[in-house]
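Residue numbers (the working numbering), protein chains in the order written: chain A, 794 to 983; chain B, 196 to 378.
For every residue, glycine included, the Cβ atom is placed at its ideal position computed from N, Cα and C.
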Amino acid sequence: MMAQLNQLILQLSKTIPFRSNLDRHLIRAAMVFEFFAFSIQKWNHYTVEMLVPMISHSPVVFWLLPVFGLRGTGDFLATTETIFGVLIFLGYWSPRLGILGALGSIVTYVGTTTIMPFLPGAWAQEAGGFPIFTLPMGFLMKDVLFLAASFYLLKQDVMRAALEINPSSIPVVGSKKQNVSIDRYTRVNR
Amino acid sequence: MNSLLNEAIDWLVKLLTKTGLLKKDLDYNLLRASMVIIFLLFGYQKWFLYEAKVLIPYIGNDPFLSWMYPVFGIQGASWLLGVSEWVFGALLFLGFWNKRLGVLGALGSTITFAVTVTIIPFMPNGWDPAAGFPAMAGNVPFLLKDVVLLAVSIYLLKQDAMRVCLQSGARSQVGESVHHSLA
Chain A
794 MMAQLNQLIL QLSKTIPFRS NLDRHLIRAA MVFEFFAFSI QKWNHYTVEM
844 LVPMISHSPV VFWLLPVFGL RGTGDFLATT ETIFGVLIFL GYWSPRLGIL
894 GALGSIVTYV GTTTIMPFLP GAWAQEAGGF PIFTLPMGFL MKDVLFLAAS
944 FYLLKQDVMR AALEINPSSI PVVGSKKQNV SIDRYTRVNR
Chain B
196 MNSLLNEAID WLVKLLTKTG LLKKDLDYNL LRASMVIIFL LFGYQKWFLY
246 EAKVLIPYIG NDPFLSWMYP VFGIQGASWL LGVSEWVFGA LLFLGFWNKR
296 LGVLGALGST ITFAVTVTII PFMPNGWDPA AGFPAMAGNV PFLLKDVVLL
346 AVSIYLLKQD AMRVCLQSGA RSQVGESVHH SLA
C-alpha cells in the first residue's frame, strides 16, 4: 500500500503541471475570476437586492447603504472588486500591484467573513437551527478560504517585491525542511 | 505620486519581510486549515434530511452526480457525500503532519471540487432573469466559489507531493525535475 502510494506520488511529480508553477498561477487566476464574476453581479440591480441582508450586517461595509443607497452601494462594491481583480491580475507581472490587490482582497474577505455572526436566518430553523446552516451562510463560509488565499497572494507578492528591492533580503534557505517551506518561485524566474 | 506609492510599497514590503511572514509556511498552513474547516462543516450538513433536500437541484441536474439518486436515494446520496467529505477533510487535517495522507486528501478534494464546478452549467435558474448570462443568481454564486476551492486543492496536491518526494529521499529517483520545481 505504502509502495503504491509512493509510486503514485512519484508519477504525479513527474507530470508537467507539477513541474511548473501551475498551482500558483491557478490560485491567482481563480481569485481574479471570482472578483470579476462577483463584480458583474453587483452592477445589477436585481442581484444587489439579494445582497442587502449581507451588506447591512457587515461590520465593515454596513455604512454603505445609508450613505450611497442601494444602487450606489452595488456600484461601489462592484468598482472596488473590479479594481482589486485587475490589481491581482497585474500581479502576474508586477508584484507591487499584486500586493495592493492582495491587500484589497484581504479587506474584502474580512468584510464578508465578519458578516457570519450577524447574518439573520443563518441557521435553518425548519431543521432545528444551529448548526445546520442555510445557503447564504454556506456561501459566506467559503470566504474563510478566500481570505486564506488572499493572504497567500500577499505573501507571494511581498516575497517577489522584496527580491526586486534587495535580492539578499530573503533569508537564504538553511535546513532541508525549510527548503520546501519557502517558495523560491522568483529565484528560478529571475 | 507614483514615486510616493513606490516608497510606500517598499516600506510595507520591508516591514512584512521583518515580521517573518516570508520565512514560515503560514500561508500553506492557513490554506490547509481553511479547507479542513470547509470539509468539516459541509460534510456535517449532509447528515441531515434538510440538507439532503437542499442538494436535490445540485445532484439531480448534474450528469456526473445524478446517477446517485436512483442508486442510493436522496438521503443515501447525501450520506455518501457527507462520509466522503469527512474522509477527505480528515486526510487533509492529518496532512499537517503526514504529507502522504495529505496527498490523498488533496486528491479527493480536487475530485470533489472538479465535480461541483461541473454542476454550474446545469443549474436551473442560475442567471439573473433581467440581465441574463454573466449575472449570477440562485445557487450559482455559491457554486462559482468552488473554482477557488479547486485551485487550492491542486495547490495542496502539488505542495504535498513535492514534500513527500523530498522527505522520502526520493530525490535521486525523481531527479532534477522536483528540485527544479521546488527551487
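### Message
When you compare the CB of A/L794 with every CB in chain B, is at least one pair closer than 8 Å?
### Response
As written in the sequence, residue 794 of chain A is Met, which differs from the Leu given in the question. The beta carbon of A/M794 does not come within 8 Å of any beta carbon belonging to chain B, so the residue lies off that interface.
### Chain-ordered chain B contacts of A/S849 [CB-CB under 7 Å]
Listed along the chain, the chain B residues whose CB falls inside 7 Å of the CB of A/S849 amount to none; the nearest CB is some 18 Å away.
### Task
Throw me the rounded Cβ distance for the B/V298 and A/A823 pair, which I believe falls under 8 Å.
The Cβ separation is near 21 Å, so there is no contact.
### Task
Please classify A/E874: is it buried, with 16 or more other beta-carbons within 10 angstroms of its beta-carbon, or exposed?
With 16 or more other Cβ atoms inside 10 Å of its own Cβ, A/E874 counts as buried.
### Task
Could you name the residues of chain A that B/S229 contacts, counting a contact when the two beta carbons are closer than 7 Å?
Proximity of chain A to B/S229 at the Cβ level (cut-off 7 Å) is accounted for by V937, L938, A941, in chain order.
### Backbone CA spacing between A/T907 and B/S261 [nearest angstrom]
Taking the straight line from one Cα to the other gives about 35 Å.
### Task
Give the DSSP-derived three-state secondary structure of B/A228 in the structure shown.
DSSP places B/A228 in helix when its eight states are reduced to three.
### Message
Let me confirm a value: B/A328 is counted as buried when at least 16 other C-beta atoms fall within 10 Å, else exposed. Which label applies?
### Response
The sequence given here has Phe at residue 328 of chain B, not Ala. So B/F328 ends up on the exposed side.
### Query
Can you list the alpha helix (DSSP H) stretches of 4 or more residues lying completely in the stretch 217 to 277 of chain B, in chain order?
Annotation note: the stretch 217 to 277 of chain B contains the following uninterrupted alpha helix (DSSP H) runs of length 4 or greater, listed N- to C-terminal: 221 to 240, 244 to 249, 251 to 255.
### Query
Distance, Cα to Cα, A/Q852 vs A/G904?
In the sequence on display, residue 852 of chain A carries Pro and not Gln. Whole-angstrom Cα-Cα distance: 7 Å.
### Query
At a Cβ threshold of 8 Å, is A/Y885 touching chain B?
Not a single CB atom of chain B sits nearer than 8 Å to the CB of A/Y885.
### Query
Which class does A/G922 belong to by DSSP, given the choice of helix, strand or coil?
DSSP places A/G922 in coil when its eight states are reduced to three.
### Task
Go ahead and pull the three-state DSSP assignment for B/P329.
DSSP, reduced to helix, strand and coil, places B/P329 within a strand of the structure shown.
### Query
Among residues of its own chain, excluding the 5 on either side of B/R227, which ones have a beta-carbon nearer than 7 Å to its beta-carbon?
Result list for B/R227: L287, G290, F291, L351, in chain order.
### Query
Cβ atoms of B/A247 and B/L269: under 8 Å apart, would you say?
This sequence places Ile at residue 269 of chain B; Leu is not what is there. In this structure, B/A247 lies closer than 8 Å to B/I269 by Cβ.
### Query
Bridge partners of B/D323, per DSSP?
B/G327.
### Query
Can you tell which of B/P265, B/E202, B/A301, B/N293 has the C-alpha that lies nearest to the C-alpha of B/S279?
Per the Cα distances, B/A301.
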